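According to UniProt numbering, the sequence shown is numbered sequentially starting from 1.
The structure appears right after this line, and notes come after that.
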Amino acid sequence: MYSNEVAVSFIGSTAVSILQLGILTTPLIRWIGVRYTMLLGALVSTVSLILASFATELWQLFATQGFMYGIGLCLVFNTPSTLSSQWFVKNRALANGKFFKHKLVLLVIIFSFKGIAWSGATMGPIVYANCFQASLSAFGRQITLTIMAGVVFIMLLMSAILSRPRYPVIRSSKSKPLNKITKDDKVSSKHECLQDSSLLSIRFLLILLLSFNSPFHWQTILFLAPSYAQYVGASPTMAAFVITVIFVLATISRIGLGFIADRCGRLNVLTPASHDAHCLYINVAATALLIMTLWRYADTVPVFAVFCGSFGLLGGLFPNMRPVIISDLVGMSEAQKAISMSYLLSVPGSLIGDPFISYIHSRHGWTVSIETIGAIAAVSAISAMVVRFLTNKRLFAIV
Numbered sequence: 001m002y003s004n005e006v007a008v009s010f011i012g013s014t015a016v017s018i019l020q021l022g023i024l025t026t027p028l029i030r031w032i033g034v035r036y037t038m039l040l041g042a043l044v045s046t047v048s049l050i051l052a053s054f055a056t057e058l059w060q061l062f063a064t065q066g067f068m069y070g071i072g073l074c075l076v077f078n079t080p081s082t083l084s085s086q087w088f089v090k091n092r093a094l095a096n097g098k099f100f101k102h103k104l105v106l107l108v109i110i111f112s113f114k115g116i117a118w119s120g121a122t123m124g125p126i127v128y129a130n131c132f133q134a135s136l137s138a139f140g141r142q143i144t145l146t147i148m149a150g151v152v153f154i155m156l157l158m159s160a161i162l163s164r165p166r167y168p169v170i171r172s173s174k175s176k177p178l179n180k181i182t183k184d185d186k187v188s189s190k191h192e193c194l195q196d197s198s199l200l201s202i203r204f205l206l207i208l209l210l211s212f213n214s215p216f217h218w219q220t221i222l223f224l225a226p227s228y229a230q231y232v233g234a235s236p237t238m239a240a241f242v243i244t245v246i247f248v249l250a251t252i253s254r255i256g257l258g259f260i261a262d263r264c265g266r267l268n269v270l271t272p273a274s275h276d277a278h279c280l281y282i283n284v285a286a287t288a289l290l291i292m293t294l295w296r297y298a299d300t301v302p303v304f305a306v307f308c309g310s311f312g313l314l315g316g317l318f319p320n321m322r323p324v325i326i327s328d329l330v331g332m333s334e335a336q337k338a339i340s341m342s343y344l345l346s347v348p349g350s351l352i353g354d355p356f357i358s359y360i361h362s363r364h365g366w367t368v369s370i371e372t373i374g375a376i377a378a379v380s381a382i383s384a385m386v387v388r389f390l391t392n393k394r395l396f397a398i399v
């Protein structure tokens with residue numbers, strides 16, 4: 001129907017990019033609360049897909065399935081981002097993984113074509129993408145979008161009903177933190193993580209840098225993996241399967257690493273500084289090393305499959321840990337605003353990351369593309385390490 005494949009690909013990127021404009025949801029949450037914000041997002045998302053089913057021009061899809069759909073998902077996805085951190089203190093990282101697996105799995109359909117989210121959302125491309133692809137082949141675009149609208153409405157409605165904040169919504173940024181929030185922050189600080197509510201601290205700015213870089217060494221690899229698999233000799237079916245391998249292992253690791261993070265330190269699992277030897281491999285630095293070595297020299301299908309498996313275990317940790325780490329660093333009273341700002345910094349990478357790396361590949365080949373991704377991941381690793389030692393200079397501290 002639409003001949004410009006590059007332009008069509010930007011529809012999904014537009015929705016995902018707008019989705020991460022979480023800073024726009026904070027005033028709305030303070031005005032109408034968590035549940036009503038999510039219900040509004042569910043309604044906007046459903047209506048946008050219904051309107052998209054009637055689209056006959058490309059700009060109409062941009063306006064509905066791209067822009068309007070992204071606005072609705074922005075309201076639903078960002079609003080509950082701090083809920084698991086509110087209800088859990090000691091086991092925040094583990095709860096965050098399970099929260100997104102069992103509760104926000106209701107939201108994973110929004111990533112059916114992008115395949116990016118937390119532990120539960122990594123199951124989305126495995127389940128929903130195949131279902132919607134089968135529906136697309138059997139019924140066509142219009143009916144498939146209508147089916148998606150129905151699924152989106154039911155899932156997001158259930159998600160809104162099940163979401164309940166522990167703390168009352170703070171209506172003004174000038175309000176003092178509630179006693180319960182202050183008490184939980186003190187418990188969290190026992191993990192030797194020095195809190196600083198300032199959103200201009202060096203540690204938080206480095207977390208924002210991590211947020212900016214993250215799509216370049218997670219999303220772009222998911223985008224390029226099938227093409228590279230065919231480049232080294234895989235069949236189209238096998239090339240598509242490597243994404244499934246990455247997501248299955250990412251689903252397992254994001255829960256398992258959350259369990260480890262609560263015991264070894266949430267910042268420790270992002271950097272090579274930990275008292276537990278297993279955590280040496282659970283960090284951004286390992287991801288950068290994998291990209292620049294194993295992927296760089298993966299010239300056969302088996303070697304590339306090993307890289308995909310390893311990347312699935314390690315590469316998607318930061319998106320899962322981000323709400324937990326930010327809550328620990330700035331405290332729960334500023335967590336919603338801080339997490340929304342970090343999502344906002346991920347927008348450029350989500351929007352232009354794939355086209356940028358694809359352009360480098362078209363001009364300079366695979367080697368330069370891979371090393372570019374690896375260099376960005378290395379910068380992320382250095383940032384994570386600096387945040388860790390600014391938080392606590394002791395080598396074996398649990399932070």
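Here a beta-carbon is modelled for each residue, glycine too, at the ideal position from N, C-alpha and C.
All figures in this text were calculated on a predicted structure; none of them were measured in a lab.
{"Item": "Have a look at Pro355 and His361 and give me their C-alpha separation to the nearest angstrom.", "Value": "10 Å"}
{"Item": "Residues in its own chain within less than 8 Å of Asp299 by CB, not counting five upstream and five downstream?", "Value": "Val232"}
{"Item": "Alpha carbon to alpha carbon, how far is Ala285 from Ile382? Give it in angstroms, no decimals.", "Value": "8 Å"}
{"Item": "Could you check which residue in Gly70, Thr56, Leu24 and Thr26 has the C-alpha nearest to that of Val44?", "Value": "Gly70"}
{"Item": "When you compare the segment 133 to 153 with the segment 53 to 66, are there three or more beta-carbon pairs, one atom per stretch, that lie closer than 8 Å?", "Value": "yes"}
{"Item": "Quick check on Ala335: buried or exposed, where buried means 16 or more other Cβ atoms within 10 Å of its Cβ?", "Value": "buried"}
{"Item": "Considering only C-alpha positions, which residue in the set Ala42, Ser346 and Thr46 is nearest to Asn213?", "Value": "Ser346"}
{"Item": "So Leu224 packs on Ile357, CB below 8 Å; how close in whole Å?", "Value": "7 Å"}
{"Item": "In this structure, how does DSSP classify Phe311 when only helix, strand and coil are distinguished?", "Value": "helix"}
{"Item": "Measuring alpha carbon to alpha carbon, tell me which residue in Leu156, Thr244, Ile11 and Leu24 is nearest Gly312.", "Value": "Thr244"}
{"Item": "Measure the beta-carbon distance from Ser333 to Thr26 and round it to whole angstroms, keeping in mind my assumption that it falls under 8 Å.", "Value": "About 12 Å separates the two Cβ atoms, so there is no contact after all."}
{"Item": "Applying the criterion that 16 or more other CB atoms from any shown protein chain within 10 Å of the CB defines a buried residue, is His364 buried or exposed?", "Value": "exposed"}
{"Item": "Please list the terminal residues of the continuous alpha helix (DSSP H) segment that includes Pro226.", "Value": "Gln219 to Tyr231"}
{"Item": "With DSSP collapsed to three states, give me the class of Ile18.", "Value": "helix"}
{"Item": "Taking the beta carbon of Val368 as the centre, do at least 16 other beta carbons fall within 10 Å, making it buried, or is it exposed?", "Value": "exposed"}
{"Item": "Taking only the alpha-carbon atoms, compute the straight-line gap between Gly349 and Gln219 and give it to the nearest angstrom.", "Value": "9 Å"}
{"Item": "Thr237: buried (16+ other C-beta within 10 angstroms of its C-beta) or exposed?", "Value": "exposed"}
{"Item": "In the structure shown, what three-state DSSP assignment does Val108 receive?", "Value": "The predicted model places Val108 with a pLDDT of 39, which falls under 50 and marks its position as unreliable; any figure quoted below should be read in that light. DSSP places Val108 in helix when its eight states are reduced to three."}
{"Item": "Name the residue from Val379, Phe307 and Leu351 whose alpha carbon lies nearest to the alpha carbon of residue 405.", "Value": "Absent from the structure is residue 405, since the part of the chain shown begins at 1 and ends at 399."}
{"Item": "Tell me which residues share the same chain as Leu40 and place their Cβ nearer than 7 Å to its Cβ, disregarding the 5 neighbours each side in the sequence.", "Value": "Leu75"}
{"Item": "Ala117: buried (16+ other C-beta within 10 angstroms of its C-beta) or exposed?", "Value": "With a pLDDT of 37 at Ala117, under the threshold of 50, the modelled position of that residue is not reliable, and no figure is offered here."}
{"Item": "Pick from Ile221, Arg388 and Ile11: whose alpha carbon is nearest that of Ser310?", "Value": "Ile221"}
{"Item": "Helix or strand or just coil, what does DSSP make of Ala378?", "Value": "helix"}
{"Item": "What is the DSSP secondary structure of Glu371, counted as helix, strand or coil?", "Value": "helix"}
{"Item": "Work out the CA separation of Phe67 and Ala134 for me, nearest whole Å.", "Value": "25 Å"}
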